[in-house]
Amino acid sequence: MPMEKTFNPAEAEARISKLWLEAKVGAAGANARPGAEAFSIMIPPPNVTGSLHMGHAFNNTLQDILIRWHRMQGHDTLWQPGTDHAGIATQMVTEREMAKAGNITRREMGREAFTLKVWEQKKKSRGTIIGQLQRLGASCDWDREAFTMSGAPGAPAGEEGNFHDAVIKVFVDMYNKGLIYRGKRLVNWDPHFETAISDLEVENIEVKGHMWHFKYRLAGGETYEYVEKDAEGNVTFRETRDYISIATTRPETMLGDGAVAVHPSDERYAPIVGKMVHLPLCDRLIPIITDEYPDPTFGSGAVKITGAHDFNDYQVAKRAGLPMYRLMDTQGKMRADGAPYEVAVARAREIAAGSPTDENEVDSLNLVPEKYRGLDRFEARKLVVADINAAGLAVTVMVSEIDPETHSEHLRLVPVVEDKPIMQPHGDRSKVVIEPMLTDQWFVDTAKIVEPALEAVRSGRTKIMPESGEKTYFHWLENIEPWCISRQLWWGHQIPVWYGPKLVDGQLVLSETTSFCAADQIAAQSDALDYYPCDAYLVADREAYAKAIAELPAKMAAGETWSVPIYRDPDVLDTWFSSGLWPIGTLGWPEQTPELQRYFPTSVLVTGFDIIFFWVARMMMMQLAVVDDIPFHTVYLHGLVRDAKGKKMSKSLGNVVDPLEVIDEYGADALRFANAAMASLGGVLKFDPQRIAGYRNFGTKLWNACRFAEMNGVWEGHSTQAQAPKATATANRWIIGETARAASEVQQALTEFRFDFAADTLYKFVWGKVCDWYVEFAKPLFDSPDAAETRATMAWVLDQSMILLHPFMPFLTEDLWGQTGTRAKLLVHTDWPTLGDLADAAADQEMAFVTGLIEEIRSARAQVHVPAGLKIDLVAISLSPEARAAWERNEALIRRLARIEGFSEGAAPKGAITLGAPGATFAIPLAGLIDIAEEKARLKKSLDKLGKEIGGLKGRLNNPNFAVSAPEEVVEEAKSNLAAREDEAAKLEAAMTRLAEIG
RNA sequence: GGGCGGUUAGCUCAGCGGUAGAGCACUACGUUGACAUCGUAGUGGCCACUGGUUCGAUCCCAGUACCGCCCACCA
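For what it's worth, my numbering labels the leading residue of the first sequence as 30, then goes sequentially.
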């Protein structure tokens, strides 16, 4: 059956995809030579939140190119696929879907039932993602598909695996090594999801804010002289004050202030340091303290200190030993729990006066006055400002106003409220304002594990490219902060820690807790049994635990038999804690599997620039901490895919491009080739559909070259040949050399991860060399004695084209492969060529003469408007022996491609166009056809260009310093260049003279 | 505020010491034993600016301007 006129992606992709899947072409080790080196890539696992976007298509195209390239080279390859449970994001998507469907909420449903819902979401999204990857042509080992929560308790059937075991084991090991700790710290709190998040999950966004100025009055009605001086020490302002002025952008937090801080060197406030001020609206006194933190030149120089709601204040409060009163609940509302305000504030006064307390009591005290309790933090802000203004405690300024009715001017005091852009932290998922919140959380002590991760890159054991990524990596790791890994979510790996009452000197202390970190509940209970002098039993949660503990003393007193309750930490781990283990976890660790031995450390990680801290740095730290080895040898970082104008693709802008739609319209190969061509190092990747269309056309071009070959019997009896055929015809020798050159350039480019160079090389070779020239050369050769050799050459050249293009355009090339000759193997498993240098200098030179001459003739014809269909004559004015030989061997070709009728040798006729070629001068007699003026213009243009070049070369050669300083070969090159240009110019001058004779 | 990158043809980008490149777009013409998803020929650049190094700079160095991205606690 003859070939179709064009490649049909829709039909072929489905057919070939099925073929590959059934043959398991991507299985680990498929097509590996015995004893072959390993090459492995772990897919960056997509989140099971939905479907893949263009960034994924780009990222996975590059990985597939690498994997296919290595697999064809006979290496032992593994491309490990899988997905990420993506805790917060997937929980969010599931809740949103539930809300859309009008179902009950997560809390109404309960943890266990909700988790099952998320597993359903996972299943759905996973199916979409795998389908998309397969449509893109990704040749992963699909039988090894992994999931970051496989094997977790409560996982439905079909979700077996041991990733969960690996995660838990790492946690337990790190806990035992003291690399993980729990503590009450100020963390970024997301009031929407009601969970802590890490620093990296916070986006600072500039918003319009305000700065308010409040007066905190000195206790006991005291006053002081407030004096401002200029740089020379001259007094510029002086007044008697009974207050200190503070500024804030977050007035509602003043309810939790523990002090006012001033810089120790700030003379303005020296008289009142150590004194107490009234905290407005709160019936509390707080001290004026000194700390290095306040900047005396900013605002009033005095800062209110709210240790529980600001990261700077937290540090100051810790240094000064101030109590940190938490004001808000998990939803960012002003607290409404605990004792009435009067009771709480009375206790706070006692504590301020020196009454002993502890962290837990301070946290339990609700110092929010009754009228603000339960208000949203932004509502509370408005009310606090209004109340302060009403109390006359706002710093004010005198303004003059014109009464609109009486037109009389009068002065009025108004509170100072500055409009001020402020950087406000937002949750990267929830988009709500993040609240610094004092809570108990788990942390990885990153300082203890960061050094090997830095060293591995410094020493080059792991290479990050481009180099700028390396700098970013160092900068972040050198300034690493503790990593908060606990999340108050339901979807994720539950922290393997159980709590029970503490034993001090053999005595149970019910008010305190101790922890048991163990791989599972049975192990935890066993640890508890070893620890307690009695039995221990598991209770459902913290509330049940508190109830059981409360009942214990009575039981003990009554002499009943009793045992202690323990409960499990309800929190789950940050998603990145588990994705941080992706390289070893997917290979079966902690089991010492053959795959782990074979494919770890992995060869390359291909991922986006944006994820270097979240994932790359953490994988480095975690793998080195857990198995004491680097996770990958090379990290290839790429930019983010944007729309054609460089705008970020977002649903709200409506410029999101779905990769499946692109594949439907242009085919997967066109998208893939465009991705490769765009993959220059660094920068933004602009997605332009026109470019995709261009590469679709490129595929058609190759297709039609193969179709042309088919029409000429090239494929009859053809079977795959690794070695180039022996050829005598110049064109055949030339294209064989060009093919080998392209192959080695592609090899070099891919070795250096220059996908763009590789794509460019292939495009230019297939279109510019094979289709533009070789196919044309072959036409006359098919009618010559060299026909058989030409068929063999063309078959070989096109085979090589398919092989070299296969990693980039797998569907089209596999389809062609199957339609063209007898194939021992699928193309996906065909040997990658190692051709060496097959260039034939003589053939190259001769073909350069031929193509040059043809282009000259065509150009001349077009410029003097010779009708395209008209055949013309050619006269050789002079021919060197080499040029004569080249002419004679290629006459048929040149005649055909340049539309030449008669050929003669002799003197240049009058009224002719003159053309130069290496070692030869030709003329086209066009009496009657030629437009003298136009031809003169053409010659003049050429002469002008030559003149410029000759001028430049002469200038250089006449510069005495050039000959002295420049390398000899550069000088020689300039000389021979000059000679060639001058020769050419002389020919054109002669032509000009002849032209002048007739016109 | 700190760090990193960019500025080359109308657009998107390569190049990076020795005569400026590609694709797309544009213009003209379409004859050829595959291809109109095509062919042939063309138009189009003070390589951001200012200095320096060099025989020679788009390329190296310094500075300036503008544009990105990342990080950052000025209340």
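The beta carbon of each residue, even a glycine, is placed where N, CA and C say it ideally should be.
What does the Cβ neighbour count give for aspartate 259, buried or exposed, with the cut at 16 atoms within 10 Å?
Exposed, by the Cβ-count rule.
Given methionine 203, which residues of its chain have a CB within under 6 Å of its CB, disregarding the five upstream and five downstream residues?
For methionine 203, where only same-chain residues beyond five positions count, the Cβ hits under 6 Å are Ile209.
Quick check on glutamate 496: does DSSP put it in helix, strand or coil?
Of the three classes helix, strand and coil, the one that applies to glutamate 496 here is helix, per DSSP.
Where does serine 592 sit, in a helix, a strand or coil, going by DSSP?
In this structure, serine 592 counts as coil in the three-state DSSP scheme.
State the beta-bridge partners of valine 445 as determined by DSSP.
Answer by DSSP bridge pairing: none, since valine 445 is not bridged.
Give the DSSP-derived three-state secondary structure of histidine 439 in the structure shown.
Strand.
Count Cβ pairs between the region 749-758 and the region 109-127 that sit closer than 8 Å; are there 3 or more?
Counting Cβ pairs under 8 Å, fewer than three are found: no touch.
State buried or exposed for arginine 571, treating a residue as buried only when at least 16 other CB atoms are found within 10 Å of its CB.
The residue is exposed, with fewer than 16 neighbouring Cβ atoms inside 10 Å.
Under a three-way DSSP split, which group does glutamine 517 fall into?
Glutamine 517: coil per DSSP, three-state reduction.
Using the rule of at least 16 other Cβ atoms within 10 Å of the residue's Cβ for burial, across every protein chain shown, is cysteine 169 buried or exposed?
Classification of cysteine 169: buried, given that the 10 Å Cβ count is 16 or more.
How many angstroms separate the CA atom of methionine 678 from the CA atom of histidine 82?
Whole-angstrom Cα-Cα distance: 9 Å.
Nearest CA to the CA of proline 947: which residue from Arg887, His436, Thr880, Val713?
Checked all of Arg887, His436, Thr880, Val713; the closest Cα to proline 947 is Thr880.
Would DSSP call glutamine 719 helix, strand or coil?
If DSSP states are grouped into helix, strand and coil, glutamine 719 belongs with the helices.
Helix, strand or coil, according to DSSP, for glutamate 223 in the structure here?
In the structure shown, glutamate 223 sits in coil (DSSP, three-state: anything other than H, G, I, E or B).
From the DSSP output, in three-state form, read off glycine 675 for me.
DSSP places glycine 675 in coil when its eight states are reduced to three.
Determine contact between the region 304-322 and the region 236-247, defined as no fewer than three beta-carbon pairs at a distance below 8 Å.
Because the criterion of three Cβ pairs below 8 Å is met, the region 304-322 and the region 236-247 touch.
Once DSSP output is grouped into helix, strand and coil, what is the label at tryptophan 114?
The residue asked about is misnamed: residue 114 is histidine in this sequence, not tryptophan. In this structure, histidine 114 counts as coil in the three-state DSSP scheme.
Give the range of the alpha helix (DSSP H) segment to which phenylalanine 702 is assigned.
Phenylalanine 702 -> alpha helix (DSSP H) spans 697-707.
Considering only residues of the same chain and omitting the five flanking positions on each side of aspartate 219, which have a CB-CB separation below 7 Å?
Same-chain partners within the cutoff: Ile226, Gly456, Ser459, Val461, Ile463.
Just the Cα atoms here: how many angstroms apart are threonine 319 and methionine 427?
Roughly 31 Å between the two C-alpha positions.
Can you tell me whether DSSP reads lysine 939 as helix, strand or coil?
Lysine 939: coil per DSSP, three-state reduction.
State whether the region 314-329 contacts the region 434-446, with contact taken as three or more CB pairs (one from each stretch) at a distance under 8 Å.
In short, these stretches do not touch, since the Cβ pair count stays below three.
Find the nearest neighbour of alanine 65 within the set Ala1015, Ala962, Glu1018, Thr106, judged by alpha-carbon distance.
When only C-alpha atoms are compared, the closest one is Thr106.
Could you tell me the distance, in whole angstroms, from the CA atom of glutamate 1018 to the CA atom of leucine 972?
If you take the alpha carbons of glutamate 1018 and leucine 972, they lie about 8 Å apart.
Hey, how far is the Cα of valine 231 from the Cα of proline 454?
Distance between the alpha carbons of valine 231 and proline 454: 6 Å.
Buried or exposed, going by whether 16 or more other CB atoms sit within 10 Å of the CB of glutamine 360?
Flag for glutamine 360 reads exposed.
With alanine 949 and leucine 908 assumed to form a contact (beta carbons below 8 Å), what rounded beta-carbon distance in angstroms separates them?
That belief holds up - the Cβ atoms of alanine 949 and leucine 908 are roughly 5 Å apart, short of 8 Å.
Quick one: what does DSSP say arginine 852 is sitting in, helix, strand or coil?
Here arginine 852 sits in coil by DSSP.
Would you say the region 840-858 touches the region 792-806, given that touching needs at least three Cβ pairs under 8 Å?
No, because fewer than three Cβ pairs between the region 840-858 and the region 792-806 fall closer than 8 Å, the two stretches do not touch.
Threonine 269 bridges to which residues according to DSSP?
DSSP, once it has assigned bridges, lists Glu254 as partnering threonine 269.
Confirm, please, whether the CB-CB distance from isoleucine 721 to alanine 697 is below 8 Å.
Cβ distance not < 8 Å, so alanine 697 and isoleucine 721 don't count as in contact.
Starting from the C-beta of leucine 834, find all residues in its chain whose C-beta is less than 6 Å away, skip the five residues before and the five after it, and write them out in chain order.
Cβ within range, chain order: Leu791, Thr842.
Report back the beta-carbon spacing between lysine 492 and threonine 663 to the nearest angstrom; my notes put them in contact at under 8 Å.
Their Cβ separation, rounded to whole angstroms, is 5 Å, which keeps lysine 492 and threonine 663 in contact under 8 Å.
Short check: CB of leucine 602 to CB of phenylalanine 638, under 8 Å?
Their beta carbons are not under 8 Å apart, which means leucine 602 does not touch phenylalanine 638 by this criterion.
Would you give the residue range spanned by the alpha helix (DSSP H) that glutamine 8 belongs to?
Because the chain is modelled from 30 through 1028, residue 8 falls outside the range shown and cannot be assessed.
Which residues does DSSP list as the beta-bridge partners of leucine 532?
According to DSSP, leucine 532 bridges with Leu537.
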